[in-house]
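Each number in my numbering corresponds to the 1-based position in the sequence shown with 47 added. C-beta: ideal position from N, C-alpha, C; glycine also. Remember, it's a predicted structure, so these values are computed and weren't measured experimentally. Here is the structure we will look at.
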Amino acid sequence: MEILITGHNGFIGSNLYNYLNSYHNIYGIDYPNDILNAELPKVDCVIHLAGSTGVRESHKNPKKYLDNNIKITKRIFDHYKDTKILFASTSSVKELQSPYAISKYACELIAPKNVVIMRFFTVWGDYNYRKNMLYGLAIEGKLDYITEHKRDFTHVYEVCRAIKILIDKGVGGELYEIGHGKPISPLDFLKKIGYNKVLPFRKVEGESNITCADPTKMKELGW
48 MEILITGHNG
58 FIGSNLYNYL
68 NSYHNIYGID
78 YPNDILNAEL
88 PKVDCVIHLA
98 GSTGVRESHK
108 NPKKYLDNNI
118 KITKRIFDHY
128 KDTKILFAST
138 SSVKELQSPY
148 AISKYACELI
158 APKNVVIMRF
168 FTVWGDYNYR
178 KNMLYGLAIE
188 GKLDYITEHK
198 RDFTHVYEVC
208 RAIKILIDKG
218 VGGELYEIGH
228 GKPISPLDFL
238 KKIGYNKVLP
248 FRKVEGESNI
258 TCADPTKMKE
268 LGW
């Protein structure tokens, strides 16, 4: 199968590219200008991961998030009307407390029937060194505080495995939540990965107090 991954240089995208490369012929495209202006390849399936991410940054630059996420996604939806698309959304849409969440929810609303919507829940794992991510800061030794918000932490390998299942079994027009349904605090998460440094708590505005997936539909597909 010929598959296009948008955002293939990002954290999830790079892991997914390597994971799927053994099973399918993979194409990758990344930056906003490339996606908006480049000639897009003819493929059997599109996995649309590209876009601006980050709840906190979106409050500082909402226009960037609304422009990048909605414009890029609209182009993918319009170009691949007859192709199966897997669209990466976020658990943040459940409460809509940030421009990032609003931009992703807008994309869900305009998604046509050939689009499989995937909601990701606090993805972590190898090669995740983005400065706003708990795991990346922890392994770099740059974490100076934690929040008390509970998150449904999901390893990137499990996300890749879920996407592979949805390529074959995902139904257009349906929404699938990719998470375990077992939210824990950042403190408990850090303990699980062997990080034991004592850190102060800090309240962060504009973020959900808790995120929790309903993995029922994914489990029915064998995830």
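_Measuring only the C-alpha atoms, how far is residue 178 from residue 190?_
The residue labelled residue 178 in the question sits at position 131 within the sequence shown. The residue labelled residue 190 in the question sits at position 143 within the sequence shown. For residue 178, the predicted structure reports a pLDDT of 44, less than 50, and the residue's modelled location is therefore unreliable. The matter cannot be settled from this model.
*Can you give the Cα-Cα distance for residue 123 and residue 225, rounded to whole angstroms?*
One-based indexing of the sequence shown puts residue 123 at position 76. One-based indexing of the sequence shown puts residue 225 at position 178. Approximately 22 Å, taken between the alpha carbons.
*Give me the Cα-Cα distance between residue 120 and residue 257, rounded to the nearest whole angstrom.*
As a first step, residue 120 must be located in the sequence shown, where it is residue number 73. As a first step, residue 257 must be located in the sequence shown, where it is residue number 210. Rounded to the nearest angstrom, the two C-alpha atoms are 27 Å apart.
*Can you tell me where the alpha helix (DSSP H) with residue 182 in it begins and where it stops?*
As a position in the sequence shown, residue 182 is number 135, starting the count at 1. Per DSSP, residue 182 belongs to the alpha helix (DSSP H) from 181-187.
*Leaving aside the five residues before and after residue 112 along the sequence, list all residues of the same chain whose C-beta is less than 6 Å from its C-beta, in chain order.*
Numbered from its first residue, the sequence shown carries residue 112 at position 65. So the list reads 99, 105, 146, 147, 150, once near-sequence residues are dropped.
*Alpha carbon to alpha carbon, how far is residue 131 from residue 208? Give it in angstroms, no decimals.*
Translated into positions along the sequence shown, residue 208 becomes position 161. Translated into positions along the sequence shown, residue 131 becomes position 84. Rounded to the nearest angstrom, the two C-alpha atoms are 18 Å apart.
*Integer-rounded CB distance, given that residue 50 should sit under 8 Å from residue 60*: Numbered from its first residue, the sequence shown carries residue 60 at position 13. Numbered from its first residue, the sequence shown carries residue 50 at position 3. Distance from residue 60 to residue 50 at the Cβ level is roughly 12 Å; contact not present, criterion being Cβ atoms closer than 8 Å.
*Which one of 94, 139, 101 has the shortest CA to CA distance from residue 161?*
Indexing the sequence shown from 1 puts residue 161 at position 114. For the residues 94, 139, 101, the minimum Cα distance to residue 161 belongs to 94.
*Which same chain residues, not among the five before or five after residue 195, have their C-beta less than 6 Å away from its C-beta?*
Here residue 195 refers to the residue found at position 148 of the sequence shown. Apart from the 5 residues on each side of it in sequence, residue 195 sits with its Cβ closer than 6 Å to the Cβ of 248 in its chain, given in chain order.
*Give, in chain order, every unbroken run of the beta strand (DSSP E) that is at least 3 residues long and sits entirely within the stretch 195-240.*
As far as the stretch 195-240 is concerned, its whole beta strand (DSSP E) runs of at least 3 residues are 222-225.
*Can you check whether the CB of residue 254 is closer than 8 Å to the CB of residue 102?*
Mapped onto the sequence shown, residue 102 falls at position 55. Mapped onto the sequence shown, residue 254 falls at position 207. One thing to note: residue 102 has its Cβ within 8 Å of the Cβ of residue 254.
*Measure from the alpha carbon of residue 188 to the alpha carbon of each residue in 242, 92, 76, 62, then state which is nearest.*
As a position in the sequence shown, residue 188 is number 141, starting the count at 1. In this structure, 242 is the residue among 242, 92, 76, 62 with its C-alpha nearest to the C-alpha of residue 188.
_Which of the three DSSP states is assigned to residue 51 in this structure?_
Residue mapping note: residue 51 aligns to position 4 of the sequence shown, counting from 1. It is a strand residue.
*If you run the structure through DSSP and keep just helix, strand and coil, what is residue 135?*
Numbered from its first residue, the sequence shown carries residue 135 at position 88. Residue state, collapsed to three classes: strand.
_On the CB-based measure, 16 or more other CB atoms within 10 Å of its CB, does residue 82 come out buried or exposed?_
Position 35 of the sequence shown, counted from the first residue, corresponds to residue 82. Residue environment analysis places residue 82 among the buried positions, since at least 16 neighbouring C-beta atoms fall within 10 angstroms of its C-beta.
*So, helix, strand or coil for residue 102, using DSSP?*
Start at 1 with the first residue of the sequence shown, and residue 102 comes out as number 55. Helix, per DSSP.
*Name the DSSP bridge partner or partners of residue 76?*
Numbered from 1 along the sequence shown, position 29 holds the residue referred to as residue 76. Looking at the DSSP assignment, residue 76 forms a beta bridge with 53.
*Report back the beta-carbon spacing between residue 246 and residue 193 to the nearest angstrom; my notes put them in contact at under 8 Å.*
By 1-based counting over the sequence shown, the position of residue 246 is 199. By 1-based counting over the sequence shown, the position of residue 193 is 146. Taking the Cβ atoms as the reference, residue 246 lies roughly 5 Å from residue 193, within the contact range of under 8 Å.
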